[in-house]
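Residue numbering for the sequence shown follows this note's numbering, starting at 59 and increasing by one per position.
Built from N, CA and C at the ideal position, the CB exists for glycine as well.
Working notes for the structure below.
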Amino acid sequence: MERKRQVRHYQQIASKLLKTRVLEKTESLRPFLPETRWYSLDALKQMLKRYSTVYVKPDKGGGGGGILRVRKRENDKYEVRFRTHIKTTTWSQLDAQLRSCFLAGKRYLIQQGIELATIDDRPFDFRLLLQRPNQDWELTGIVAKAAAPGRIVTNHCKGGKPVDATKALLVAADGDPETLERWVKVLIWLGMGTANALHDKFTGLRELGIDVGLDRNGRFWIFEVNTRPQFRMFRKIGHRSMYRKIMQFHRKIVKGNRW
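And the structure:
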């Protein structure tokens, strides 16, 4: 059953940086995009001058695979985290250390690190699901994803735990209903704005999974957009009506309602 859902005859864009560059052209979205560049030794040097934490990730591929985190420490030391492993190295060895973890044949990006809000001492972000069964985009699902203990990514396939989005927002808002209401509106706006901006460039897109982070200062960030999103986390969260609508739209889309 799950395999049949993956036969998607609509446009998909693999490159994370390409999608980011398209979004950067929309002025209203630009403040929500962490700085992202192609990985190189010079880019690594420049980014670590600006930010205490950066992420190094494959340009193509999903599921949180191949992502590394680099943090500046004292005395010219750098902490590299890959999967559940942590190593401390010096600047002279940092590039070699990172490249030793790179997946074969993959080109890599370097992205500004964001200190995420936490729930139960676990960093979390959000997955927004947008679908276009007809002419217009609809936001059909929002779920929070809390990272597994010892992990730097929140992906469900890497042990991330689906969490009710309202619950996660309330925790981050210290229970303040006005902040919750404002943040929900921002998430909806970001989801629709991202979908419309990408659709202006790539008119064949039909489903999007948008990963949005909330930092510890209450600022939202668009991390990346998946043009072939998975739905398991929406089933796991237990919102039956949400999941039912997602699958109804998905079946309509994959049956070939194209233009």
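| Query | Result |
| --- | --- |
| Sequence-distant residues of its chain with Cβ nearer than 6 Å to residue 129 (five each side left out) | 111, 137 |
| Extent of the continuous alpha helix (DSSP H) run through residue 295 | Counting along the chain, residue 295 falls outside any alpha helix (DSSP H), and DSSP gives it neither H nor E. |
| Residues of its chain near residue 318, where Cβ-Cβ distance is below 6 Å and the 5 sequence neighbours each way are ignored | Limits of the chain in this structure are 59 at one end and 317 at the other, which puts residue 318 out of reach. |
| Same chain, Cβ closer than 7 Å to residue 71, neighbours up to 5 away in sequence not counted | 77, 260, 285 |
| Alpha helix (DSSP H) runs contained entirely in the region 120 to 178, provided each spans 4 or more residues | 149 to 157 |
| Proximity below 8 Å, CB of residue 186 to CB of residue 80 | no |
| Helix, strand or coil at residue 267 [DSSP, three-state] | strand |
| Residue of 230, 201, 227 minimising C-alpha distance to residue 218 | 201 |
| Option nearest residue 307 by Cα separation, candidates 125, 194, 212 | 194 |
| Any non-hydrogen atom of the ligand SAH closer than 7 Å to residue 163 Cβ | Among the components modelled here there is no ligand, and therefore nothing to report on the ligand SAH. |
| Nearest residue (CA-CA) to residue 177, options 132, 247, 229 | 229 |
| Terminal residues of the beta strand (DSSP E) in which residue 219 lies | 219 to 221 |
| Euclidean distance between Cα positions of residue 277 and residue 224 | 16 Å |
| Proximity of residue 265 and residue 74 at Cβ, strictly below 8 Å | no |
| Close beta carbons around residue 124, own chain, < 6 Å, minus the five adjacent residues each side | 116, 161 |
| Distance, residue 169 Cα to residue 147 Cα | 20 Å |
| Beta-carbon contacts of residue 311 that lie in its chain and below 8 Å, excluding the five residues immediately before and after | 66, 68, 189, 190, 191, 264, 265 |
| Backbone CA spacing between residue 99 and residue 251 [nearest angstrom] | 34 Å |
| Nearest-angstrom Cα separation, counted from residue 290 out to residue 127 | 26 Å |
| Identity of the residues DSSP links to residue 283 by a beta bridge | 268 |
| C-beta atoms of residue 156 and residue 211 nearer than 8 Å | no |
| Cβ-Cβ separation, residue 300 to residue 233 (assumed contact under 8 Å), whole Å | Not confirmed; about 24 Å, so no contact. |
| Outcome for residue 208 when other beta-carbon atoms lying within 10 angstroms are tallied against a minimum of 16 | exposed |
| Continuous beta strand (DSSP E) stretch holding residue 41: start and end | This structure does not reach residue 41, given that the chain is present from 59 up to 317, and the question cannot be answered. |
| Rounded straight-line distance, which links the Cα of residue 220 to that of residue 206 | 10 Å |
| One or two residues paired with residue 183 in a DSSP bridge | 203, 271 |
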